[in-house]
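Following the working numbering, the numbering of the sequence shown begins with 7 at its first residue and continues without gaps.
By construction, the Cβ of each residue, glycine as well, lies at the ideal position given by its N, Cα and C atoms.
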Amino acid sequence: MTANRSTSPTPTREQSTAPSSATLTTSARPAPPAPPASPTLADGAPGAGLSERGAAIVREEEALLARVTAHLAAAATKPSRPPPAENYEEQLLSLRDQIAAARLEDVPALVQQMERLQGIAARRNENVVEPVDPKSPYFGHLRLREKGRPERDVLIGRTTLVDASAGVRIVDWRHAPVSQIYYRYEEGAEYEETFGERDVEGTVLVRRTVTIDDGELYRISAPQGTLVRGPSGAFREIATRATELSGGQGSAVRPEDMRDIARAAAGGARGGLGTGAAFHAREDRHLPEIAALLDPRQFELISKPDAGIVVIQGGAGSGKTTIGVHRLAFLSYNGGRRFTADKMLVIVGSPALRAYISEALPALGLGGIAVETFSEWARAARKRAFPWLEAPIEENTPSVVTRYKTHPAMLHLLEQRAAELKDDARARRDSRGTLAFWADVLTDLDRVMAAFEAAGDPEFGPEQVKRAWRWCADRCPAVLDLDPGDRAERKAAMADEPADDDDDRGGDGREVSSDDRAVLDPEDDALLLRAYQLLRGELRKGKNVLVYEHLFVDEAQDLAPIDLAVLLGVVAEPRSVTLAGDTAQRLFMDSGFRDWRATLDDLGLSRVDVEPLRIAYRSTREVLAFARAVLGPLADPTPPLAPRSGAPVEHHHFPSAGAAVAFLADAIRPLFAREPRATLAILARHPEQADVYYDALRMAEIPNLRRVRAYEFAFRPGVEVTEVRQVKGLEYDYVVLVDVNASTYPADDESRHLLHIGATRAAHQLWVISTAAPSPLVPDWLG
Numbered sequence: 007m008t009a010n011r012s013t014s015p016t017p018t019r020e021q022s023t024a025p026s027s028a029t030l031t032t033s034a035r036p037a038p039p040a041p042p043a044s045p046t047l048a049d050g051a052p053g054a055g056l057s058e059r060g061a062a063i064v065r066e067e068e069a070l071l072a073r074v075t076a077h078l079a080a081a082a083t084k085p086s087r088p089p090p091a092e093n094y095e096e097q098l099l100s101l102r103d104q105i106a107a108a109r110l111e112d113v114p115a116l117v118q119q120m121e122r123l124q125g126i127a128a129r130r131n132e133n134v135v136e137p138v139d140p141k142s143p144y145f146g147h148l149r150l151r152e153k154g155r156p157e158r159d160v161l162i163g164r165t166t167l168v169d170a171s172a173g174v175r176i177v178d179w180r181h182a183p184v185s186q187i188y189y190r191y192e193e194g195a196e197y198e199e200t201f202g203e204r205d206v207e208g209t210v211l212v213r214r215t216v217t218i219d220d221g222e223l224y225r226i227s228a229p230q231g232t233l234v235r236g237p238s239g240a241f242r243e244i245a246t247r248a249t250e251l252s253g254g255q256g257s258a259v260r261p262e263d264m265r266d267i268a269r270a271a272a273g274g275a276r277g278g279l280g281t282g283a284a285f286h287a288r289e290d291r292h293l294p295e296i297a298a299l300l301d302p303r304q305f306e307l308i309s310k311p312d313a314g315i316v317v318i319q320g321g322a323g324s325g326k327t328t329i330g331v332h333r334l335a336f337l338s339y340n341g342g343r344r345f346t347a348d349k350m351l352v353i354v355g356s357p358a359l360r361a362y363i364s365e366a367l368p369a370l371g372l373g374g375i376a377v378e379t380f381s382e383w384a385r386a387a388r389k390r391a392f393p394w395l396e397a398p399i400e401e402n403t404p405s406v407v408t409r410y411k412t413h414p415a416m417l418h419l420l421e422q423r424a425a426e427l428k429d430d431a432r433a434r435r436d437s438r439g440t441l442a443f444w445a446d447v448l449t450d451l452d453r454v455m456a457a458f459e460a461a462g463d464p465e466f467g468p469e470q471v472k473r474a475w476r477w478c479a480d481r482c483p484a485v486l487d488l489d490p491g492d493r494a495e496r497k498a499a500m501a502d503e504p505a506d507d508d509d510d511r512g513g514d515g516r517e518v519s520s521d522d523r524a525v526l527d528p529e530d531d532a533l534l535l536r537a538y539q540l541l542r543g544e545l546r547k548g549k550n551v552l553v554y555e556h557l558f559v560d561e562a563q564d565l566a567p568i569d570l571a572v573l574l575g576v577v578a579e580p581r582s583v584t585l586a587g588d589t590a591q592r593l594f595m596d597s598g599f600r601d602w603r604a605t606l607d608d609l610g611l612s613r614v615d616v617e618p619l620r621i622a623y624r625s626t627r628e629v630l631a632f633a634r635a636v637l638g639p640l641a642d643p644t645p646p647l648a649p650r651s652g653a654p655v656e657h658h659h660f661p662s663a664g665a666a667v668a669f670l671a672d673a674i675r676p677l678f679a680r681e682p683r684a685t686l687a688i689l690a691r692h693p694e695q696a697d698v699y700y701d702a703l704r705m706a707e708i709p710n711l712r713r714v715r716a717y718e719f720a721f722r723p724g725v726e727v728t729e730v731r732q733v734k735g736l737e738y739d740y741v742v743l744v745d746v747n748a749s750t751y752p753a754d755d756e757s758r759h760l761l762h763i764g765a766t767r768a769a770h771q772l773w774v775i776s777t778a779a780p781s782p783l784v785p786d787w788l789g
């Protein structure tokens with residue numbers, strides 16, 4: 007592996023000599039030639055700048071690799087003879103026949119034998135051993151001294167090959183019991199383990215992680231130092247900081263920090279953490295004392311007049327959420343009875359952010375404010391508005407349908423059609439009429455085509471519109487058939503008898519069956535609510551009108567214009583609203599949100615200004631430089647301002663996840679020994695990738711390790727392994743982005759946004775790890 011580099015771009019860059027599959031360069035650049043063999047210097051060290059111990063380590067590892075390579079080459083030239091295979095199927099059939107003819111007292115023994123054979127056959131099928139890849143045969147090296155046995159070298163790789171006579175022992179890191187020693191013990195440690203029924207004791211004499219690609223040794227990580235092959239082929243030592251996580255404990259703000267700030271402020275003390283603020287009572291009825299680190303721009307937005315819409319565009323860590331929650335506190339303090347907790351609503355982008363803000367609000371004296379995701383809030387409101395509509399929700403709505411239903415053109419069409427019905431005395435305006443109106447708008451092809459043509463969206467043309475329309479035309483009639491009132495009327499007409507809502511039979515006496523197509527898409531909640539507002543007026547909660555005096559929407563860029571229109575419709579006049587978001591952190595590319603200006607125009611808010619936040623407090627300059635680079639053409643033309651510097655962003659490349667986990671475990675253990683209150687996130691794009699890292703780190707016995715699968719964040723020190731999508735709005739002292747490979751993060755907009763979001767969760771230090779050809783989004787200057 008090539009050396010790690012910081013995020014500071016330089017005019018020249020050290021070019022890796024490794025092939026493309028192992029370099030830290032992007033896959034788009036041609037691979038330079040393989041490096042020559044390490045030159046032997048006058049003192050015998052394979053590197054000019056190495057210490058005597060470092061040179062000895064390099065010689066030892068190169069000799070070991072040469073022995074393994076020679077053994078694999080010799081084995082490849084020998085004719086292969088497959089091992090004798092037992093015909094388990096034939097034996098099982100024979101036992102079955104014996105059981106059928108056996109005496110009753112003999113059956114248990116035969117059944118037991120049959121179960122044993124089934125178990126053996128299953129294990130043999132599971133343990134299909136792949137051949138060792140000579141280009142990257144192993145990534146870990148152990149030398150063990152066990153009681154009663156000679157010293158032996160054990161190599162940790164991705165498959166198993168053991169030939170004791172040749173001194174080659176390669177074991178699979180995922181299954182072999184001895185690999186537990188590699189992940190759990192450090193060099194020089196004594197170990198005690200139980201392998202099967204055998205208790206093993208010994209000492210780890212050597213424990214090293216190596217990077218081998220195309221049969222060449224590129225990197226050695228050992229307790230004595232990290233040695234990397236340079237372009238000339240000679241090894242050199244790299245700085246410890248490149249392989250060490252340190253100095254970031256307490257960089258990230260957590261809910262308990264905000265509670266501590268509030269308690270301190272209650273006693274009259276000034277203070278703050280990050281961009282947090284603490285309030286206490288003042289007689290002048292103006293904004294109470296705020297933490298010293300709140301900047302003037304944030305102060306200005308918090309103290310905006312109570313009437314009006316405040317729209318905040320701010321990058322990651324710029325204080326959007328802080329401004330939103332403190333504006334709630336400002337209005338509550340200054341607004342008297344108008345802005346009580348039950349009259350304010352907070353809409354957030356994820357359950358994780360909901361939990362975080364729910365923890366933070368009581369610290370500001372704001373207990374009792376509803377904090378919900380939009381999907382939760384809209385689903386509950388839709389069920390109150392249409393209590394009889396018992397339709398399941400489609401789990402796999404096609405992207406083209408999502409874009410169709412959330413597109414601004416659909417919002418305008420809905421409003422246009424509702425205006426046309428305003429003077430129509432025959433129009434049905436009850437909830438059942440609203441459902442019919444919803445279905446008609448979605449399935450009137452001529453009106454839909456005209457609306458989308460007027461929108462002039464080059465990325466959503468007539469072909470996409472027709473595909474989505476067919477989906478709706480197929481499903482909307484089935485949803486309408488769920489209406490018990492209309493169904494009863496149709497039955498009555500067929501049977502020429504009065505309608506009976508409890509009659510589940512048609513006029514011909516046959517039972518009416520449900521239609522599998524009678525499902526709603528998640529986007530239909532907002533469409534139905536907006537249709538209800540346009541035709542019937544205010545939404546209701548029981549007998550009361552559903553209305554709020556102040557609305558705060560965080561992560562607004564992930565809501566569609568129609569979602570925002572519904573929310574604005576439940577705010578009392580004069581409207582008091584705070585919308586906050588960052589167009590660089592979009593998670594949903596098909597949500598209908600394009601940019602702030604276009605979205606405000608869609609909502610009829612053309613005169614509302616967008617308030618930019620330029621100072622990013624959470625992440626360091628180095629992290630923000632990386633995050634901006636991965637955005638590429640999507641980045642804001644005006645870069646954010648970072649008040650502080652920190653550790654360089656490091657890109658570590660490994661031939662496999664097993665090697666990456668070993669490297670991470672070696673870095674995490676000393677980190678938490680030094681910084682027990684640190685928070686670390688290991689972020690993957692997909693759940694399966696997160697599972698691999700979590701399982702391996704658990705095997706390595708990393709303390710305070712948690713696998714977050716459904717936003718169940720602990721907000722306490724430790725290591726959380728999860729997917730990037732789940733951490734939106736959160737922050738950690740340290741972040742490690744894993745499997746940043748070309749196959750996982752190709753050069754598309756969604757990948758750019760995800761990498762940007764993951765990187766900007768880091769308050770102090772960021773690592774990027776690739777285990778195959780690195781993503782083309784990794785900037786060149788990172789290596």
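query: Just to confirm my understanding: we take residue 174, look at its own chain, exclude 5 residues before and 5 after, and list those with CB closer than 6 Å. What are they?; result: 74 and 77
query: Pull up the DSSP beta-bridge partners for residue 547, would you.; result: 550
query: What does the Cβ neighbour count give for residue 202, buried or exposed, with the cut at 16 atoms within 10 Å?; result: exposed
query: Apply the 10 Å Cβ neighbour rule to residue 776 and answer buried if 16 or more other Cβ atoms are within range, or exposed otherwise.; result: buried
query: Would you tell me roughly how many angstroms separate the C-alpha atoms of residue 723 and residue 685, rounded to the nearest one?; result: 5 Å
query: If you compare alpha carbons, which of 461, 524, 327 and 433 is closest to residue 395?; result: 524
query: Using a C-beta cutoff of 8 Å, does residue 217 count as contacting chain B?; result: Note that chain B does not occur in the displayed structure, where there is just one protein chain.
query: In its own chain, which residues sit with a C-beta less than 7 Å from the C-beta of residue 406, not counting the 5 before and 5 after it?; result: 470, 473 and 474
query: Cα-Cα, which of 597, 567, 739 and 766 is closest to residue 634?; result: 766
query: Alpha helix (DSSP H) containing residue 538: first to last residue?; result: 530-542
query: Is the region 614-634 touching the region 757-771 in the sense that three or more CB pairs, one from each, lie closer than 8 Å?; result: yes
query: How is the beta strand (DSSP E) around residue 335 delimited, first residue to last?; result: Per DSSP, residue 335 belongs to no beta strand (DSSP E); it is in the alpha helix (DSSP H), 326-340.
query: What is the rounded straight-line gap between the Cα of residue 2 and the Cα of residue 626?; result: Because the chain in this structure spans residues 7 to 789, residue 2 falls outside the shown range and cannot be described.
query: I need the boundaries of the alpha helix (DSSP H) containing residue 699, first residue and last residue.; result: 693-705
query: Should residue 112 go down as buried or exposed, given a rule of 16 or more other Cβ atoms within 10 Å for buried?; result: exposed
query: Measuring CB to CB, does residue 444 end up less than 8 Å from residue 537?; result: yes
query: Any idea what DSSP makes of residue 516, helix, strand or coil?; result: Note that residue 516 has pLDDT 36, beneath the 50 cutoff, so the model's placement of it is unreliable and the number below is only indicative. Three-state result, residue 516: coil.
query: Could you tell me the boundaries of the beta strand (DSSP E) in which residue 362 lies?; result: Premise fails: residue 362 lies in the alpha helix (DSSP H), 357-366, not in any beta strand (DSSP E).
query: From this set, 542, 314, 319 and 609, which residue's C-alpha is nearest residue 592's C-alpha?; result: 319
query: Quick check for students: name the residue ranges of the beta strand (DSSP E) that lie wholly in the region 651-692, counting only runs of 3 or more.; result: 656-659 and 685-690
query: Which value, in whole angstroms, describes the spacing of the CA atoms of residue 701 and residue 208?; result: 25 Å
query: For residue 432, is the classification buried or exposed, using 16 other Cβ atoms within 10 angstroms of its Cβ as the cut-off for buried?; result: exposed
query: Going by C-alpha to C-alpha distance, which of 738, 154 and 756 sits closest to residue 253?; result: 738
query: Between the beta-carbon of residue 773 and the beta-carbon of residue 658, is there less than 8 Å?; result: yes
query: Assuming contact is defined by CB atoms lying nearer than 8 Å, are residue 138 and residue 617 in contact in what I supplied?; result: no
query: Suppose contacts are defined by Cβ-Cβ distances below 8 Å. Is residue 646 in contact with residue 605 by that definition?; result: no
query: Compare the Cα-Cα distances from residue 191 to each of 783, 756 and 708 and report the closest residue.; result: 708
query: Hey, would you say residue 351 sits closer than 8 Å to residue 376, going by beta carbons?; result: yes
query: In chain order, what residues of the same chain have a beta carbon less than 7 Å from the beta carbon of residue 671, not counting five sequence neighbours either side?; result: 189, 703, 706 and 708
query: Between residue 379 and residue 360, which are expected to be in contact by the criterion C-beta below 8 Å, what is the C-beta distance as a whole number of angstroms?; result: 6 Å
query: In the DSSP assignment, the alpha helix (DSSP H) including residue 569 goes from what residue to what residue?; result: 567-574
query: Considering only the beta carbon of each residue, do residue 331 and residue 363 sit closer than 8 Å?; result: yes
query: For a test of the three-state rule: what should DSSP assign to residue 149, helix, strand or coil?; result: strand
query: Taking residue 719 as the reference, which of 581, 697, 423 and 356 has the closest Cα?; result: 356
query: Which stretch, first to last residue, makes up the beta strand (DSSP E) that contains residue 776?; result: 768-776
query: Check whether the region 541-560 and the region 381-393 touch, using three or more Cβ-Cβ pairs below 8 Å as the test.; result: yes
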